[in-house]
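Below is one structure, written out as structure tokens; comments come after it.
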Amino acid sequence: MSSNPPRWADRFLEWYCHPDLLEDLQGDLYEVYQKRRTENGKRAADLTYVWLVIRSLRISAIGKSKRLKNSIFMMTTNNFKIAFRVLARDKVNTAINLVGLTIGIACFLLMGLYVKQELSFDHFHSKKDRIYRSWVKEDYGEGKIFFNSVTPLRFEDLFEQNFPEVEAAVRITQENHLVGRGENRIDEQVAVISPDFFKVFDFEVVAGNREAPFQELRSVIISESYARKYFGNDDPMGKVLSLQIAENIEDFKVSAVIADMPHASSIRFDIAVSAENSRRFYGEGAMNAWFSVLAETYVLIRENADVQNVNDKMQDVVMGYLSEEVERGQYNIGLQPITDIHLNPDVPAGFAPVSNPQYVYILGAIGLLVLIIACINYATLSIGQSLRRAREVGMRKVLGAGQSTLVVQYLSESLLVALIAMTIGTVLTVLLVPTFNTLTGTQIFLTFRWWHLLAYLGVGLAIGVAAGIYPAFVLSGFRIVAILRGGSQGGGRHVAQKGMLVFQFLVTVFLISTTLIMKKQVSFMQEKDLGFNYESVVSVTLQPDPAAQRLTQVIATGMENGKLLKAALQKHPDVTDIGMATHVFGSNGWTQLAYTDDKNVFRRFAFLNVDANYLKSFGIKVKEGRDFEEGNGLDERQSIIINQAAADYFGLENPVDDKLPGKEFGEHRIIGVTENFNFTSLHSQVEPLVIAENAMTILQGISDFNVGDSPVPKLVFTYTGSNLTAVQDILDEEWEAVFPNEALDFSFVDEKIQQQYENEARLNKLITVATILSIVIAILGLLGLMVLVVNSRIKEIGIRKVMGATPITIFALLSKSFVSQLLVAIVLSVPLTLWLMSKWLANFAYRTEMGVGLFVVSGMAALLVAALVIVYHTLRASRINPVESLRVE
Numbered sequence: 002m003s004s005n006p007p008r009w010a011d012r013f014l015e016w017y018c019h020p021d022l023l024e025d026l027q028g029d030l031y032e033v034y035q036k037r038r039t040e041n042g043k044r045a046a047d048l049t050y051v052w053l054v055i056r057s058l059r060i061s062a063i064g065k066s067k068r069l070k071n072s073i074f075m076m077t078t079n080n081f082k083i084a085f086r087v088l089a090r091d092k093v094n095t096a097i098n099l100v101g102l103t104i105g106i107a108c109f110l111l112m113g114l115y116v117k118q119e120l121s122f123d124h125f126h127s128k129k130d131r132i133y134r135s136w137v138k139e140d141y142g143e144g145k146i147f148f149n150s151v152t153p154l155r156f157e158d159l160f161e162q163n164f165p166e167v168e169a170a171v172r173i174t175q176e177n178h179l180v181g182r183g184e185n186r187i188d189e190q191v192a193v194i195s196p197d198f199f200k201v202f203d204f205e206v207v208a209g210n211r212e213a214p215f216q217e218l219r220s221v222i223i224s225e226s227y228a229r230k231y232f233g234n235d236d237p238m239g240k241v242l243s244l245q246i247a248e249n250i251e252d253f254k255v256s257a258v259i260a261d262m263p264h265a266s267s268i269r270f271d272i273a274v275s276a277e278n279s280r281r282f283y284g285e286g287a288m289n290a291w292f293s294v295l296a297e298t299y300v301l302i303r304e305n306a307d308v309q310n311v312n313d314k315m316q317d318v319v320m321g322y323l324s325e326e327v328e329r330g331q332y333n334i335g336l337q338p339i340t341d342i343h344l345n346p347d348v349p350a351g352f353a354p355v356s357n358p359q360y361v362y363i364l365g366a367i368g369l370l371v372l373i374i375a376c377i378n379y380a381t382l383s384i385g386q387s388l389r390r391a392r393e394v395g396m397r398k399v400l401g402a403g404q405s406t407l408v409v410q411y412l413s414e415s416l417l418v419a420l421i422a423m424t425i426g427t428v429l430t431v432l433l434v435p436t437f438n439t440l441t442g443t444q445i446f447l448t449f450r451w452w453h454l455l456a457y458l459g460v461g462l463a464i465g466v467a468a469g470i471y472p473a474f475v476l477s478g479f480r481i482v483a484i485l486r487g488g489s490q491g492g493g494r495h496v497a498q499k500g501m502l503v504f505q506f507l508v509t510v511f512l513i514s515t516t517l518i519m520k521k522q523v524s525f526m527q528e529k530d531l532g533f534n535y536e537s538v539v540s541v542t543l544q545p546d547p548a549a550q551r552l553t554q555v556i557a558t559g560m561e562n563g564k565l566l567k568a569a570l571q572k573h574p575d576v577t578d579i580g581m582a583t584h585v586f587g588s589n590g591w592t593q594l595a596y597t598d599d600k601n602v603f604r605r606f607a608f609l610n611v612d613a614n615y616l617k618s619f620g621i622k623v624k625e626g627r628d629f630e631e632g633n634g635l636d637e638r639q640s641i642i643i644n645q646a647a648a649d650y651f652g653l654e655n656p657v658d659d660k661l662p663g664k665e666f667g668e669h670r671i672i673g674v675t676e677n678f679n680f681t682s683l684h685s686q687v688e689p690l691v692i693a694e695n696a697m698t699i700l701q702g703i704s705d706f707n708v709g710d711s712p713v714p715k716l717v718f719t720y721t722g723s724n725l726t727a728v729q730d731i732l733d734e735e736w737e738a739v740f741p742n743e744a745l746d747f748s749f750v751d752e753k754i755q756q757q758y759e760n761e762a763r764l765n766k767l768i769t770v771a772t773i774l775s776i777v778i779a780i781l782g783l784l785g786l787m788v789l790v791v792n793s794r795i796k797e798i799g800i801r802k803v804m805g806a807t808p809i810t811i812f813a814l815l816s817k818s819f820v821s822q823l824l825v826a827i828v829l830s831v832p833l834t835l836w837l838m839s840k841w842l843a844n845f846a847y848r849t850e851m852g853v854g855l856f857v858v859s860g861m862a863a864l865l866v867a868a869l870v871i872v873y874h875t876l877r878a879s880r881i882n883p884v885e886s887l888r889v890e
């Protein structure tokens, strides 16, 4: 073991200490070191020595150190001093560059934080590389494909019993239960999770036993926010939370409290009970079913195992169970990495929605583009200053400065500007995060770790180099002879400058065009005639009988209870057109049914269970036949109505009084055909739809059933009063009278329809903001360039004024080159915009036309911005006294 102090501390001392003082100071420190080493050991002596070396450091010693004066450190310091003086001298251009880069950096950081969050969904789990979610895909050919990431309950045992590569398998189901006893019970979503759930996932358990969170069968886990919601500031551990299960209200004890789940998590819940209760929730049949999907099933693969081995053996395992029911390849099970769930629309969504990866990439690209045009703005302004700095370059070269020295000097200026802009931009980003969260509907949280400082410093340096490298080489490349003769420094830089200006304008015009097209599409979706009236229509979720188990019982008892609420609401004159149905417009996932008809053709269609007044409530027109009649017993038992899409789909030329093709349906008769109306969002075409008052008329002939939206009946009505806030008062009063122990849940249908296009609306808002920022940066760049142009041509302008030039002539003179570059940018932006926007609009079954007008408006907007800047400088130049301008040397 060495008896000397740390070598790096000695080197640091030698680096800053004056040579005349080094020997004495080092000798004293060595004496202290040896003494401490003898008394306290080497570790304590090393720490003491390091502390004394740091404590001996003096700023004055650094200034007097000959080593430092001869080092790169001093040269770098001098370069930054000169850079600071140059920037301080030219305040206008420095301010323009700073503002442009700050805006670009802030936009880049905000978009980058959003993209990072989207790309890092579910990455906080330490075992993320080994966690997979299973999916099931049934493929019987001829369009009979059923693809789900929600799987049968038995999959948990399937993986654990048949695959040694699986370390653990857990499942989660979610369903709604009434929580509480007595009055004001709340309808909450409750998760049913495997006992080993927290051994697979890294959700934080703040109270209770993480290894065994369910202490007994009737234990419940709640989140911190729900602990405050139900128990205030009291300790929730051991407290009772009551859940309505079927017809019984059962007490569960709080056995654990978890931290609120991160926003970037595909698994979310606030209340959870143990999956050991599953038989009480779902029954024995569901526990053993292969074709009933209820749960998301996750598997944890062992560290040294290969997930491909699981996939390779999957079909053999499946056939071991289902060989008598399906052929090989018809029932397929696969695994999806948990980190792939959030941004992979190729796999159906489970309990959490799947985001569109296109939007993430678009926003990331826009953030980068805004930063690029800010850097280009800096570069064009720096090159534009070349004439003003030519003499400076000449003098430096005459005094012996080489090109590399000049490059370092001019890069120092850009780095200084970039680091200042990075600092301001970072502060601006922190301040704008709440606003950005509102726009995007996300919850970006800023956390700081020590390496973030290095990352921001690295980004600042990269921006400084990217923005300043080309101008540095242009300025340092001036030829001395040409400078002294006062001639041109070569046209190459002018071509590059014009090219960068064209690119800057191109991006700006592209963003303007994109914003207008997106805004037009969003407006189109929000204003399109959907085939029904939904203004001022209110939807109220009804309460079925808690003892109802089958879907038909839930629907029937819900509508029976709805009649009580309907009778109470009818006494209010402003409440009209009251109806009931299993689904309401604005919610996707309506009931989907399928069967094989008598010609062996597989048929799939949407189904809606209604009362006699539902179609009238929304003003849906029946084009053939008639609507349901209230009190008509035959309609209640067997009448159905279909939409025109269903008539075309089933090949019914005269559908009224006809039947659906097939043998298995109950006695039924088509009494009417409605015009097509968009009961789903405009992202998809109108699907075949069958409407009935009696669900069993259709359900008894169905082989496949799927529902994404809750089929619990909803009551709808139109409020004709002028004050929409009165709806809350009316419903509170009547709901309390009819359902005193249940929580009221209502919404406005028009708001739910608008929510279907939330992603598009948010994307449009963000692109609008980015467009405004790019326009601001372009204006700043054009403003700076015009200052340079006017200053370089001030004598010419003075002479032209003496010769009788008008402000219009001066305007034409100044705008000639800029307008031509802008026109080139407009022409180049059109095919780019057409290509990208065509791909985006392809996501919608119903879409607006882009049209020539939008591109004309975009081009005119860009030209107007440029014209305003040029007019401003024209007026400034035209007011200058020619005598004064001709005196300028």
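Reading the sequence shown from the start, the letters are residues 2 to 890 in our numbering. Note that beta-carbon positions come from the ideal geometry of N, C-alpha and C, so glycine has one too. Remember, it's a predicted structure, so these values are computed and weren't measured experimentally.
According to the DSSP secondary-structure assignment, A607 is paired through a beta bridge with Q593, L690. Contact between the region 299-319 and the region 117-132 is present: three or more C-beta pairs spanning the two stretches fall below 8 Å. Look at the beta carbons and you see the region 706-715 touching the region 533-549: at least three pairs across the two are nearer than 8 Å. In the structure shown, K600 adopts coil according to DSSP, grouped into three states.
In this structure, DSSP gives G673 an extended state, which the three-state scheme calls strand. By the criterion of a C-beta distance shorter than 6 Å, R38 is surrounded in its chain by A46, once the five residues flanking it on both sides are discounted. A distance below 8 Å separates the beta carbons of A863 and V510. Assignment of M787 by DSSP, reduced to helix, strand and coil, places it in the helix class. In the structure shown, V657 falls within a coil segment according to DSSP collapsed to helix, strand and coil. The bridge partners DSSP lists for F147 are E139.
The C-beta separation of P214 from A257 comes to about 4 Å, placing the pair in contact by the 8 Å criterion. Along the region 725-776, the beta strand (DSSP E) occurs as fully enclosed runs of 3 or more residues at 747-749, listed in sequence order. Assigned with DSSP and collapsed to three states, Q331 falls in coil, not helix or strand. Restricting attention to beta strand (DSSP E) runs no shorter than 3 residues, the region 252-324 encloses them at 272-275, 297-302, ordered along the chain.
The beta carbon of L823 is closer than 7 Å to those of F506, A863, L864, A867 in its chain, skipping five residues each way along the sequence. For the options W52, K138, Q216, the alpha carbon positioned closest to that of L30 is the one of W52. In the assembly as shown, T721 is an exposed residue. Its beta-carbon has fewer than 16 other beta-carbons within 10 Å. In this structure, the alpha-carbon of Q331 lies about 42 Å from that of F619. Boundaries of the alpha helix (DSSP H) harbouring M560: 552-570, taken from the DSSP string. Excluding sequence positions up to five before and after N177, its CB lies within less than 6 Å of the CB of D188, Q190, all in the same chain and listed in chain order. Note that the region 749-766 does not touch the region 597-612; fewer than 3 beta-carbon pairs, one per stretch, sit closer than 8 Å.
Listed in chain order, the non-local C-beta contacts of M838 below 7 Å within the same chain comprise T515, I518, M851, local neighbours out to five positions each way being set aside. Residue burial annotation: Y873 is exposed, with fewer than 16 other C-beta atoms found within 10 angstroms of its C-beta. Within 10 angstroms of the beta-carbon of H264 lie fewer than 16 other beta-carbons, which makes it exposed.
Membership of R172 in the beta strand (DSSP E) is indicated by the continuous run 167-180. Approximately 4 Å separates the beta-carbon atoms of E625 and V674; this is inside 8 Å, confirming the contact. In this structure, the beta-carbon distance from G351 to Y411 does not fall below 8 Å.
Rounded to the nearest angstrom, the gap between the Cα atoms of T834 and T103 is 27 Å. The alpha-carbon of L416 is positioned some 16 Å away from that of I373.
The residue from I421, G181, F608 with its alpha-carbon nearest to that of A582 is F608. DSSP places S226 inside the alpha helix (DSSP H), whose first and last residues are 225-232.
Residues V311 of the same chain have their beta carbon placed closer than 6 Å to that of F164, with the five preceding and five following residues left out of the count. Under the three-state reduction of DSSP output, V503 falls in the helix class. DSSP lists no bridge partner for N41. Between the region 518-528 and the region 223-232 there are fewer than three inter-stretch CB-CB distances shorter than 8 Å, so the stretches are not counted as touching. Non-local beta-carbon contacts of L781 in its own chain, meaning distances under 8 Å to residues more than five positions away in sequence, involve I97, V100, G101, N378 in chain order.
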